[in-house]
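Engineer:
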Amino acid sequence: MTRKRASEVYTNSIAAPVYQSASYYFDDAAHVKAGLHERSAPAGRYGRYSNPTWVAVEELLSELTEAESSLLFSSGMAAHVTTFLAFLQAGDEVVLPAESYRQVRNVFHRILPKFGVVVHEISISDPRAFLDRLGELAERVKLVHLEMPSSPHMFLIDIKKVRAILGPDVLVTLDSSFSPPPNFYALRWGVDLVLFSATKYLSGHGDIVAGVVSGRADLVEQIRWYRDTTGPVVDGHTAALLQRSLYTLPLRMERVNSYGMEAACYLDAHPGVSRVYYTGLPSHQHYKLGMEYLAGHGGVVTFELGLNEADTAKVIDRLRLPFMASNFGAPQTLVEQSTFFTYFEYDDAGLQSIGVDRSTVRLALGYADDIVRIIEDLDRSLPGG
Ligand code: PLP
């Protein structure tokens, strides 16, 4: 077998090519010196450190999030864990919302304390109480991790006030998986690093698992070392799928923003629905924050039926169109009964601590579905419909 291929004939492909290589060769010692030691000539080294397809996607992500730099990961969780590993050490104190994504909470409660990190959890349901408690802890904390909107209640946080309470040395990270640009630009509001599960809206086709962190270049470089070392990376094909998806993100968000609003208004007026959580509705307790921070409210609508868990399950079972599945941002509409699905391992006290009622339903509208048909399906299935 020939040791080397002929060099590529051209490099002017509009879409970034898919690079699928575990390793990269050097021509001679001078090339190693320039490419590896001095970094004066761009050169690949090894597939865990870099891949030109990732780099192309990371540039797009930085443009999208208005960041200096971005890193791609093998999952949203990998992006979170690697970021926390990069900045936290024994004795550091951190704050996170009680309503954060379940597995992020697990990282804070079950993994980071093993390494001596002290965790403070505060509910964001009452924005004033959250800020008051944060103020009490402000002098002690190293990192504050936020998530907005939160699931399933779509709670928001007054980030400007959070930033004002905390000194400039406190790192603020924010999980924006539910509200990517153009709905929300976290870095405009004093957040240092924005994180995404790219599995959701960013990739938008329900066909990859990936994660992103974007922000200031010096911070991202610190995280890069941890990614290089621990290896939560994607392959070239996954990166290329994300690249393709990013071009349609604004179009998809426009569609799901209008679907979300339509479904939320329908559910809000339905006699069989006791409560709707959608930040575009004036009835949402954080509606004013939504008007300030969000340009669109997304395709996830949560509602309560005021029934017990078994009767709620019967309503979900009557639905014909949505897939019963736990994700959002996909082309298809997905539905889940929160306490029977995501939180099935939580007991009553656990559910109470995050304020999730047993009749909670989360509907994630798919941009490829017809909203009229989805509403007809809800109409047929909801009690009193
Ligand atoms: N953050 C939020 C808000 C999520 O909903 C999820 C996944 O459901 C994650 C992070 C984790 O992302 P991933 O599943 O890509 O690891």
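Mapping of the sequence shown onto our numbering: residues 173 to 557, in sequence order. Ideal Cβ positions, reconstructed from N, Cα and C, are used throughout, including at glycine.
Please classify Val528: does DSSP put it in a helix, a strand, or coil?
Structural biologist: Translated into the one-based positions of the sequence shown, residue 528 becomes position 356. Three-state result, Val528: coil.
Engineer: Which whole-angstrom value is the C-beta distance of Thr505 and Thr532, which I expect to be below 8 Å?
Structural biologist: Indexing the sequence shown from 1 puts residue 505 at position 333. Indexing the sequence shown from 1 puts residue 532 at position 360. Contact flag wrong, Cβ pair sits at about 17 Å.
Engineer: How close, in whole Å, do the beta carbons of Ala389 and Thr410 come, if the pair is a contact with beta carbons under 8 Å?
Structural biologist: Mapped onto the sequence shown, residue 389 falls at position 217. Mapped onto the sequence shown, residue 410 falls at position 238. The pair is not a contact, with the Cβ atoms about 24 Å apart (cut-off 8 Å).
Engineer: Measuring CA to CA, which of Ala188, Gly403, Tyr438 and Gly522 is closest to Ala194?
Structural biologist: The count along the sequence shown starts at 1 and reaches residue 194 at position 22. With distances taken between Cα atoms, Ala194 lies closest to Gly403.
Engineer: Who pairs with Leu346 in a beta bridge, going by DSSP?
Structural biologist: As a working mapping, residue 346 is identified with position 174 in the sequence shown. According to DSSP, Leu346 bridges with Leu318 and Val366.
Engineer: Which residues have their C-beta within less than 5 Å of a heavy atom of the ligand PLP, listed in chain order?
Structural biologist: Here the list is Ser247, Gly248, Met249, Tyr273, Asp347, Ser349, Ser369 and Thr371.
Engineer: Determine, using beta carbons only, whether Ser246 and Val392 come nearer to each other than 8 Å.
Structural biologist: Position 74 of the sequence shown holds residue 246. Position 220 of the sequence shown holds residue 392. Not in contact: Ser246 and Val392 (Cβ atoms no closer than 8 Å).
Engineer: Helix, strand or coil: which one does DSSP assign to Val334?
Structural biologist: Here the question's residue 334 lines up with position 162 in the sequence shown. Correct three-state label for Val334: helix.
Engineer: Report the CB separation of Gly207 from Ala215 in whole angstroms; it is logged as a contact under 8 Å.
Structural biologist: Taking the first residue of the sequence shown as position 1, residue 207 is located at position 35. Taking the first residue of the sequence shown as position 1, residue 215 is located at position 43. At roughly 3 Å, the Cβ-Cβ gap stays under 8 Å, so Gly207 and Ala215 are in contact.
Engineer: Mark Glu509 as exposed unless 16 or more other C-beta atoms lie within 10 angstroms of its C-beta, in which case mark it buried.
Structural biologist: Numbered from its first residue, the sequence shown carries residue 509 at position 337. It is Gln, not Glu, that sits at residue 509 in the sequence shown. Under this definition Gln509 is a buried residue.
Engineer: When you compare only the Cα positions, how much space is there between Ala482 and Gly376?
Structural biologist: Counting from 1 along the sequence shown, the entry for residue 482 is found at position 310. Counting from 1 along the sequence shown, the entry for residue 376 is found at position 204. Answer to the nearest angstrom: the Cα atoms are 32 Å apart.
Engineer: Give the single residue among Pro555, Gln192, Asn223 and Leu537 whose Cα lies nearest to the Cα of Glu426.
Structural biologist: Walking along the sequence shown from the start, residue 426 turns up at place 254. With distances taken between Cα atoms, Glu426 lies closest to Leu537.
Engineer: Alpha carbon to alpha carbon, how far is Asn480 from Arg530?
Structural biologist: In the sequence shown, residue 480 corresponds to position 308, counting from 1. In the sequence shown, residue 530 corresponds to position 358, counting from 1. Roughly 6 Å between the two C-alpha positions.
Engineer: How many angstroms separate the CA atom of Gln192 from the CA atom of Glu230?
Structural biologist: Position 20 of the sequence shown holds residue 192. Position 58 of the sequence shown holds residue 230. Looking at the two C-alpha atoms, the distance is approximately 17 Å.
Engineer: Ile294 and Val267: beta carbons closer than 8 Å?
Structural biologist: Here residue 294 refers to the residue found at position 122 when the sequence shown is read from its first residue. Here residue 267 refers to the residue found at position 95 when the sequence shown is read from its first residue. Going by C-beta atoms, Ile294 is nearer than 8 Å to Val267.
Engineer: Can you list, in chain order, the stretches of the alpha helix (DSSP H) that have 4 or more residues and sit fully within the segment 410-467?
Structural biologist: Listed in chain order, the complete alpha helix (DSSP H) runs (minimum 4 residues) inside the segment 410-467 are 421-440 and 459-465.
Engineer: Spell out the partners DSSP gives His292 in its beta bridges.
Structural biologist: Within the sequence shown, numbered from 1, the residue matching residue 292 stands at position 120. According to DSSP, which records beta bridges pairwise, His292 is partnered with Val267.
Engineer: Under the DSSP definition of a beta bridge, which residues are partnered with Tyr218?
Structural biologist: Taking the first residue of the sequence shown as 1, we reach residue 218 at position 46. According to DSSP, which records beta bridges pairwise, Tyr218 is partnered with Ser195.
Engineer: Using CA coordinates, which residue listed in His442, Glu434, Pro494 and Ser498 is at the minimum distance from Gly470?
Structural biologist: Residue numbering aside, residue 470 sits at position 298 when the sequence shown is read from its first letter. That would be Glu434, whose Cα lies nearest to the Cα of Gly470.
Engineer: How far does the beta strand (DSSP E) with Val473 in it reach, from first residue to last?
Structural biologist: For the purposes of this step, residue 473 is taken as the residue at position 301 of the sequence shown. Its beta strand (DSSP E) spans residues Val472 to Glu476.
Engineer: Who are the Cβ neighbours of Thr451 in its own chain at under 7 Å, not counting the five residues just before and after it?
Structural biologist: By 1-based counting over the sequence shown, the position of residue 451 is 279. Same-chain partners within the cutoff: Pro321, Met326, Leu328, His458, Tyr459, Gly462, Leu466 and His469.
Engineer: Would DSSP call Val190 helix, strand or coil?
Structural biologist: Along the sequence shown, read from residue 1 onward, the residue named residue 190 stands at position 18. Val190: coil per DSSP, three-state reduction.
Engineer: If you draw a straight line from the C-alpha of Ala239 to the C-alpha of Leu233, how long is it?
Structural biologist: Position 67 of the sequence shown, counted from the start, is the residue given in the question as residue 239. Position 61 of the sequence shown, counted from the start, is the residue given in the question as residue 233. Near 8 Å, if we compare the C-alpha coordinates of Leu233 and Ala239.
Engineer: Around the C-beta of Phe271, are 16 or more other C-beta atoms found within 10 angstroms, so that it is buried, or is it exposed?
Structural biologist: Residue mapping note: residue 271 aligns to position 99 of the sequence shown, counting from 1. The identity of residue 271 in the sequence shown is Glu, whereas the question assumes Phe. Buried.
Engineer: Residues in its own chain within less than 7 Å of Ala436 by CB, not counting five upstream and five downstream?
Structural biologist: To locate residue 436, count along the sequence shown from 1; it is residue 264. Only Val448, Tyr450, Gly452, Leu453 and Val473 meet the Cβ criterion.
Engineer: State buried or exposed for Lys372, treating a residue as buried only when at least 16 other CB atoms are found within 10 Å of its CB.
Structural biologist: By 1-based counting over the sequence shown, the position of residue 372 is 200. That one is buried.
Engineer: What's the C-alpha gap between Arg312 and Gly263?
Structural biologist: Numbered from its first residue, the sequence shown carries residue 312 at position 140. Numbered from its first residue, the sequence shown carries residue 263 at position 91. The straight-line gap from Cα to Cα measures roughly 10 Å.
Engineer: Where do the N-terminal and C-terminal ends of the beta strand (DSSP E) with Ser386 fall, by residue?
Structural biologist: Position 214 of the sequence shown, counting from 1, holds the residue named residue 386. From DSSP, the beta strand (DSSP E) with Ser386 extends over Gly383 to Gly387.
Engineer: Cα separation between Thr484 and Arg534?
Structural biologist: In the sequence shown, residue 484 corresponds to position 312, counting from 1. In the sequence shown, residue 534 corresponds to position 362, counting from 1. Going from the Cα of Thr484 to the Cα of Arg534 covers about 12 Å.
Engineer: Tell me which same chain residues have a C-beta within less than 6 Å of the C-beta of Gly501, skipping the five on either side of it?
Structural biologist: Residue 501 sits at position 329 when you count from the first residue of the sequence shown. Excluding residues within five positions, the ones whose Cβ falls inside 6 Å are Lys372, Tyr373 and Gly376.
Engineer: With DSSP as the reference, please indicate the residues paired to Gly241 in a beta bridge.
Structural biologist: Position 69 of the sequence shown holds residue 241. In the sequence as presented, Gly is not what sits at residue 241; that position holds Ser. DSSP lists Gly387 as partners of Ser241.
Engineer: Name the one or two DSSP bridge partners that Glu308 has.
Structural biologist: For the purposes of this step, residue 308 is identified with residue 136 of the sequence shown, where counting begins at 1. Answer is none; Glu308 lacks a bridge partner.
Engineer: To the nearest angstrom, how far is it from the Cα of Pro597 to the Cα of Leu414?
Structural biologist: The question about residue 597 has no answer here: the residues shown for the chain are numbered 173 through 557.
Engineer: I'd like to check one pair, Asp330 with Leu343: are the Cβ atoms closer than 8 Å?
Structural biologist: As a position in the sequence shown, residue 343 is number 171, starting the count at 1. As a position in the sequence shown, residue 330 is number 158, starting the count at 1. Going by C-beta atoms, Leu343 is not nearer than 8 Å to Asp330.
Engineer: Use the C-beta contact count for Asn184: other C-beta atoms within 10 angstroms, 16 or more gives buried, fewer gives exposed.
Structural biologist: By one-based count along the sequence shown, residue 184 stands at place 12. Exposed, by the Cβ-count rule.
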